[in-house]
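Remarks on the structure that follows.
There are 2 protein chains.
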Amino acid sequence: THKQNLARLQRKLDRLHPADIAWILETLPLADRLFVWELVRADKDGDILLEVSDAVRASLLETMDHYALKAMALGLDADELADLAPDLPAEVVQAVLAALDQDEQAHVRAAMSYPEGTVGALMDFDLIKVREQVTLGAVLRYLRRFGALPDHTDKLFVVDREERFRGLLTLESLLVNAPERTVSEVMKSRAVVTFRPDDDARAAAQAFERYDLVSVPVVSERDRVIGRLTVDDMVDYIREESEAEILGNVGLREEEDLFAPVIRSVKNRWAWLAVNLITAFVASRVIDLFQDSIGQLVALAALMPIVAGIGGNAGNQTITMIVRAIAMGQVESAALGRLLRKELGVALINGLVWGGVIGVLAGVLYGSPGLGLVMIAAMTLNLLLAATAGVLIPLLRQRFGGDPALGSSVLITALTDSGGFFIFLGLATLLLL
Amino acid sequence: THKQNLARLQRKLDRLHPADIAWILETLPLADRLFVWELVRADKDGDILLEVSDAVRASLLETMDHYALKAMALGLDADELADLAPDLPAEVVQAVLAALDQDEQAHVRAAMSYPEGTVGALMDFDLIKVREQVTLGAVLRYLRRFGALPDHTDKLFVVDREERFRGLLTLESLLVNAPERTVSEVMKSRAVVTFRPDDDARAAAQAFERYDLVSVPVVSERDRVIGRLTVDDMVDYIREESEAEILGNVGLREEEDLFAPVIRSVKNRWAWLAVNLITAFVASRVIDLFQDSIGQLVALAALMPIVAGIGGNAGNQTITMIVRAIAMGQVESAALGRLLRKELGVALINGLVWGGVIGVLAGVLYGSPGLGLVMIAAMTLNLLLAATAGVLIPLLRQRFGGDPALGSSVLITALTDSGGFFIFLGLATLLLL
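Respectively, the protein sequence lines represent chains A and B.
Residue numbering for the first sequence follows our numbering, starting at 1 and increasing by one per position.
Residue numbering for the second sequence follows our numbering, starting at 1001 and increasing by one per position.
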């Protein structure tokens, strides 16, 4: 009956969509995952490998020999092969390329030549091109010869005799217009969205979102249609970008295989911990400067984390907002003055209100009105520092061509921690001791 | 020439896509925004209002009188009207509903009756239905009568005489098959993705991603096709969800109008600051318990933020990973033991390695090997606490039906701050004093 169970499981797997099998493999611990992977029909291997996360993909590829890898890779489209190629042994890639016809080889090489994050790296080559002088009836007969259309075909690409891009023939206009009309009469040639292969993928994703697109032609500098971008790839791209942003916010380099060995997880996370330890160590040295003050008034030690904490929180709110606005193209460094004034206003109100609450509380608790006033002043000043840094850090980085998001949370927290300790302990030393 | 410039600006705006005008309005300070808004052609008002963020939408709606609002609302589709209705004055909504025909009224009421976050709230009603016994040629003739198809039509919905859902006729199969064949011969009726109106929108978005869908029928319990979901709405949904997650991580309730008055921003952000002040205050009371120890050994005050900080960072890494895995449906509470063991392993290694580095450094700096050992022990214990809480908090919340993500970062930081101070100062008091 073990055999029967196996056969039943195998039949179940055969009926599943590759994306569903990929999801199952993600959720399984390593041993179970490889057991299921063995049962999957080989012709689904490629589609599954394209769907799983990098971490899980590595664990699956390790189990395949060169023969299986080659068979799998030969079943892929050019753009899919280009995606997987970096994870495959070089010999396998060479052997597979050699087995392709010239057009396909060119496609794979083209797709691999564009750096990650460009339109070229995401495009596919499933184009249907038509000429402008033919009738819609002729196009309909032409399509019937195909038997199937590429996924996400919502339009055909109209080219002239020199293969230059002329416009778009949507399936809609093909369907609602009389078959006697010609392509040139019904095609869309103005205000057409096209991309170049070296365009930024993020801008392309924004265009898909903004104009509700399904497929867009990718056109070379010499006006040739060389590929197309489809909405399914953009959905994946948007999802991956936001994943990366969320993971990056806490210093995770990549999506982690939940069941990865401990040591791999340690590697994925160590850099962020190291950076944070360095900044915490700096903050610790700042506190150490005020040893004498703390020795005289121990309450300072208890109150100082409050000042540092509120600065970090408010600063992270500001920087998150500014980074997002920059990413959406909503803010230019010209707006600096206006944004700064606004954030400083928010900080001042928060400082006086929340600083006031905590200041009164501290003053009463420790029976020292002076200590309360120092709390209010220190919290307000640290919030002003947080607001200034929260606006300036991302805008300056943008101006100097850096990524405004990268490690911004670490930076601002480091600043508001050390700054908060310095401001609070410094004020207390000056005014109370 | 002011007049000429105005006319030129107006012509430019007339040529722009509503989504582009929406983007421009987002980037402008309030006065400029309203100035441009006045120039926009009234027939674009509705589309623009649907595109802008909630904050900007409110600022634009404030400037429109009831007459303009009614004219705008009458130009919307049922699902769009349902989206905007909560932001419109009740009289306007009533007047617009009264002007619609019965079918449309029913659509608007249906769309408004489904709570946010369900498929019903996102679906539209632009359906093209066909019968299974007709030929493809008849379908082609039927489509030509339309003049235009609804956006994102990649398939038609096949229904029987009682309007029950029978299957899907893709435009592809309509185009590649001979016109003499019947719909029933080429339609897809097995393994078809459909949604119910009360399905979770998040699950629907995952299905769109996983199966690369463009449109999906929404089917009632009695098997009637009542609407459809399209990929453009899913793209917006995925984007909004990830925005909300990123903003929620720092306690921003909603996307903020960059140029909103200070007071509105204060309101958007105050709750998070209040919660953090409370947790910081608790941590401060924990430190206060050890006043005597700090008085005797001031170095403790300088070192304690390091212990608290590394716990918070590591805990946020763990909880981010677990929350994401839960959201992707990759983790069941059954996996608790396994995940916990792994995270504890990671914490132990990080504690011994990083605790060791900082411990040695602290021991040397303060000339006290004992203090170094206490640092190592405290950092390791706080990391183990962080790992345990990072796994347990989201999994327990999921088991008890809560949102695993909500405020998780605040919770874990509160725990590792207070816990870190308590562990470090407690150990130091026991072992060093």
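Don't be surprised by glycine CBs; every beta carbon is placed ideally from N, CA and C.
Every value quoted in this text rests on a predicted model; they were computed, and no experiment measured them.
- Along the segment 1044-1087 of chain B, the alpha helix (DSSP H) occurs as fully enclosed runs of 4 or more residues at 1045-1051, 1054-1061, 1066-1074, 1078-1084, listed in sequence order.
- Annotation for Leu-1229 of chain B: the continuous beta strand (DSSP E) segment containing it runs 1225-1230.
- Looking at the backbone, the Cα of Val-1410 of chain B and that of Thr-1416 of chain B are separated by about 10 Å.
- Judged by their CB atoms, Gly-1351 of chain B and Asn-1313 of chain B are not nearer to each other than the 9 Å cut-off.
- Boundaries of the beta strand (DSSP E) around Ser-1215 of chain B: 1215-1219.
- Proximity of chain B to Val-391 of chain A at the Cβ level (cut-off 9 Å) is not reached, the minimal Cβ distance being about 11 Å.
- Per DSSP, Arg-1181 of chain B is not a residue of any alpha helix (DSSP H), being assigned neither H nor E.
- A direct Cα-Cα distance of roughly 17 Å separates Val-346 of chain A from Val-1275 of chain B.
- Interface flag for Ser-1220 of chain B against chain A is unset, since no Cβ pair is found closer than 9 Å.
- The C-alpha of Val-134 of chain A lies about 16 Å from the C-alpha of Ser-189 of chain A.
- Distance check between Arg-222 of chain A and each of A:Ala-244, A:Leu-303, A:Asp-160 places A:Asp-160 closest, using alpha-carbon atoms only.
- For the segment 265-283 of chain A, residues whose beta-carbon sits nearer than 7 Å to a beta-carbon of chain B comprise Ser-265, Val-266, Arg-269, Trp-272, Leu-273, Asn-276, Leu-277, Ala-280, Phe-281, Ala-283.
- For the options B:Val-1231, B:Thr-1320, B:Val-1250, B:Ser-1220, the alpha carbon positioned closest to that of Ile-322 of chain A is the one of B:Val-1250.
- Judged by DSSP in its simplified three-state form, Arg-161 of chain A adopts coil rather than helix or strand.
- One Cα belongs to Ala-98 of chain A, the other to Gln-105 of chain A, and the distance between them is close to 8 Å.
- About 3 Å separates the beta carbon of Gly-120 of chain A from that of Pro-197 of chain A, a gap short enough to meet the 8 Å contact definition.
- Taking a C-beta distance under 9 Å as the contact criterion, Ala-387 of chain A and Thr-318 of chain A qualify as a contact pair.
- A straight line joining the alpha-carbon of Ala-1362 of chain B with that of Val-374 of chain A spans about 30 Å.
- Contact annotation for Ile-1349 of chain B against chain A: Val-262, Ile-263, Val-266 [CB-CB distance below 8 Å, chain order].
- For Leu-344 of chain A, same chain residues with a beta-carbon under 8 Å away, outside a window of 5 residues either side, are Leu-384, Ala-387, Thr-388 in chain order.
- DSSP places Leu-168 of chain A within a strand segment (E or B) once states are collapsed to three.
- For Arg-1190 of chain B, there is no enclosing alpha helix (DSSP H), as DSSP gives it neither H nor E.
- Per DSSP, Arg-131 of chain A is one residue of the beta strand (DSSP E) stretching across 129-131.
- Under the three-pair Cβ rule at 8 Å, the segment 1141-1160 of chain B does not count as touching the segment 1082-1093 of chain B.
- In summary, the residues of the segment 411-423 of chain A whose CB is separated from some CB of chain B by less than 9 Å are Thr-413, Asp-417, Phe-421, in the order they occur in the chain.
- Taking a cut-off of 8 Å on C-beta distances, the segment 1052-1059 of chain B touches the segment 1254-1271 of chain B, as three or more cross pairs fall below it.
- Under the criterion of beta carbons closer than 8 Å, Val-1183 of chain B and Val-1130 of chain B qualify as touching, at roughly 6 Å.
- If you draw a 10 Å sphere on the C-beta of Val-231 of chain A, you find 16 or more other C-beta atoms in it, and that means buried.
- A residue is called buried once 16 or more other Cβ atoms fall within 10 Å of its Cβ, and Ser-1113 of chain B, having fewer, is exposed.
- In the structure shown, the three-state DSSP call for Leu-1297 of chain B is coil.
- Contact residues of the segment 42-55 of chain A toward chain B are absent (C-beta to C-beta distance below 7 Å).
- DSSP places Asp-1236 of chain B within a helical segment (H, G or I) once states are collapsed to three.
- Residues of chain A with a Cβ closer than 9 Å to the Cβ of Lys-1342 of chain B are, in chain order, Leu-258, Phe-259, Ala-260, Pro-261, Val-262, Ser-265.
- Around Ser-1242 of chain B, the beta-carbon contacts reaching into chain A at under 9 Å are Ile-238, Arg-239, Glu-241, Ser-242, Glu-243, Glu-245, Ile-246.
- Using a CB distance below 8 Å, the part of the segment 306-321 of chain A facing chain B consists of Ile-306, Ala-308, Gly-309, Ile-310, Asn-313, Ala-314, Asn-316, Gln-317, Thr-320, Met-321, ordered along the chain.
- Taking C-beta separations shorter than 7 Å and ignoring five residues to either side along the sequence, the partners of Lys-1155 of chain B in its chain run Leu-1168, Leu-1169, Thr-1170, Leu-1171, Ser-1215, following chain order.
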